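Accompanying notes for the structure given below.
Number of protein chains: 2
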Amino acid sequence: MEVFFYGLTKQLISLLSTSPFKMNFDLFQTIYCHPKITSDDLSSIMDEHQIINFKKGDYFLEKGKQANEYYLLESGLLRAYVHDFNGNDITIGFQSEGEISIEVSSLFQRMPTEENIVALTDGVAWKISFEDFQKLFHKIEGFREWGRAWMSEQLFISKQRQIEMVTKSATERYEKLINDKPNIIQQVPVRHIASYLGITDTSLSRIRKNIV
Amino acid sequence: MEVFFYGLTKQLISLLSTSPFKMNFDLFQTIYCHPKITSDDLSSIMDEHQIINFKKGDYFLEKGKQANEYYLLESGLLRAYVHDFNGNDITIGFQSEGEISIEVSSLFQRMPTEENIVALTDGVAWKISFEDFQKLFHKIEGFREWGRAWMSEQLFISKQRQIEMVTKSATERYEKLINDKPNIIQQVPVRHIASYLGITDTSLSRIRKNIV
DNA sequence: TAGATTTCCTGTCATATGGCAGGAAAATTC
DNA sequence: GAATTTTCCTGCCATATGACAGGAAATCTA
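Chains as they are written, first to last, in my numbering: chain A, 241 to 452; chain B, 241 to 452.
Following this line, the structure appears as structure tokens:
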């Protein structure tokens, strides 16, 4: 009965291409994409997410607090940042549409975070709590395979970025960002892009001049 | 019966403080340390590991190949490195006694690796295959909790390092390495330490001069 | 032990980036 | 719409680091 219901839900959703559900299904299907996640699994997973609307300036996470959920971004743009020892605001990442916003250490190790995550635009996201994630993680084999693969990928990306930070020039890093995430260049203040690239806004300003 | 046997094994091991088993047990207990891993779990986990002896210069992993196991280091020192676009040898990490040597992307995403891992000294390690890991991961809840926590920690460390690479000077990074891993300073050629710190051996040489 | 190789240091010069300050332009506020 | 604030650019100078080359010291090898 449960299985039938979920199967039906899935079919209905995939047919209703003009309804708002269509977008959500695409979002979930894009993010929770793994060979071992079945349609039924995906339905169970989707059921645990709740939609939220957010405004520019809203905080998803603040330093000192504990992350108790993570988010799938349906629309909008987020910025994650920390403060270094001198109190400077260092941007460590951007999340756009179709990506996950999560602070892994705080969420999975149940500890206060160092990160801040703030909305740079209005938008829509789907959130899932730690408890609900836990249930799915231990219940659905495909889900934990997905989770592990996702973490592996993040670790790989993080290491790649490390290597680029020391082997590529600031100009090259900026050009790569233009290439990889062109939307960020337009929507984000220069100083945040600069700190993300590991340089000052002064330098980035010069780099931009030279490229044009 | 099985439970009794494992329980006995554990007791025996912890008593035989002079036997080689004692060291192993400490090693496993240190690494597989998680509130949800029971003594029985730990015994099951230990049973899946095999001891190996390695020599200086032995490769644990080579670029283009696929990682099919990971290692717990009982003794010795390993170096992980990649080649950047210019073919330069960039050290991305060292593993010493009591640490895990693993290439997560290749092992868990079943793909060829970019990394090389080579022994800088002779040593002893315990290895576990991907297949055996998989069995434990899906069988033992505490084990997958541990695995997720371990990955979370690695991701955190990786991000921290990224931040340090851009906010701290080369001298500060070197001083931090002296502090965190003094054994590496003594055992590893300067050029490897330099590339790990993201600088040339020329610069590191000058930094060393200024510190003394 | 002698020769060869590797490792490490140091000198000179070039360059990318930072720090600081001032000012134009744009956005926000009242 | 004027005032204020924020954002961004640019000029000047300082400095950390890189590139390259040469040489001393240590290590390996035969």
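Glycine is no exception: its CB is placed at the ideal position from the N, C-alpha and C atoms.
This structure is a prediction, so every number in the text was calculated from the model and none was measured.
Cβ contact annotation for L417(B) (same chain, cutoff 8 Å, sequence separation greater than five): I424, I425, I433, Y436 and L437, in chain order. Taking 3 residues as the minimum length, the beta strand (DSSP E) runs contained wholly in the stretch 320-359 of chain B are 329-336 and 356-359, in order along the chain. Residues are counted here when their Cβ sits less than 8 Å from a Cβ of chain A; for the stretch 388-406 of chain B these are R388, A389, M391, S392, E393, Q394, L395, F396, S398, K399, R401, Q402, I403, M405 and V406, given in chain order. The alpha-carbon separation between I397(A) and D280(B) amounts to approximately 36 Å. Around S345(B), the beta-carbon contacts reaching into chain A at under 9 Å are S392, E393, L395, F396 and K399.
Three or more Cβ pairs closer than 8 Å define a contact, and the stretch 357-367 of chain B meets that threshold against the stretch 291-302 of chain B. Relative to T353(A), the option among Q374(A), S443(A) and H323(A) whose CA is nearest is H323(A). Its Cα nearest to that of D372(B), the residue H289(B) stands out among P429(B), I271(B) and H289(B).
For Q306(A), there is no enclosing alpha helix (DSSP H), since its DSSP letter is neither H nor E. Around the C-beta of Q402(A), 16 or more other C-beta atoms lie within 10 Å, and the residue is accordingly described as buried.
Neighbourhood of E381(B) in chain A, by CB distance below 7 Å: H378, in chain order. K296(A): not part of any alpha helix (DSSP H); DSSP gives it neither H nor E.
Counting C-beta pairs with one atom in each stretch, the stretch 367-384 of chain A and the stretch 306-313 of chain A have three or more that are closer than 8 Å, which means they touch. Apart from sequence neighbours up to five positions away, the residues of its chain that approach K276(A) with a beta-carbon distance below 8 Å are E381, G382, E385 and W386, ordered along the chain.
Looking at E339(B), L318(B) and M286(B), the one whose alpha-carbon comes closest to that of L301(B) is L318(B). The CB of G338(A) never comes closer than 7 Å to any CB in chain B; the least such distance is about 20 Å. Contact annotation: in the stretch 349-371 of chain A, residues whose CB is within less than 8 Å of a CB in chain B are Q349. For Q374(A), the closest of M351(A), W390(A), K399(A) and L347(A) by C-alpha to C-alpha distance is L347(A).
Q269(B) and V430(A) have their C-alpha atoms spaced approximately 48 Å apart.
The DSSP-derived three-state label of G438(B) is coil. Sixteen is the threshold: since fewer than 16 other Cβ atoms of the shown chains lie within 10 Å of the Cβ of S409(A), the residue is exposed.
G363(A) sits in a strand when the DSSP states are folded into three classes. The beta-carbon of G438(A) is placed less than 7 Å from the nearest beta-carbon of chain B. E385(B) sits in a helix when the DSSP states are folded into three classes. At a C-beta separation below 7 Å, D324(A) has these neighbours in chain B: I403 and T407.
Within its own chain, the residues whose Cβ lies closer than 8 Å to the Cβ of N328(B), once the five positions on either side in sequence are excluded, are S435, listed in chain order. Between I285(B) and Y272(B), the C-beta spacing is below 7 Å. For S443(A), the closest of P422(A), D420(A), E412(A) and N419(A) by C-alpha to C-alpha distance is E412(A).
Residue pairing by DSSP places L376(B) in no beta bridge whatsoever. Neighbours of I330(B) in chain A, taken as residues at a C-beta separation under 8 Å, are given in chain order as I403, V406 and T407. Counting only Cβ-Cβ distances below 7 Å, R384(A) has contacts in chain B at R384, in chain order. Secondary structure note for Y414(A): its alpha helix (DSSP H) is the uninterrupted segment A410 to D420. At the C-beta level, L267(A) and E339(A) stay beyond 7 Å of one another. S345(B) places its beta carbon less than 7 Å from that of S392(A).
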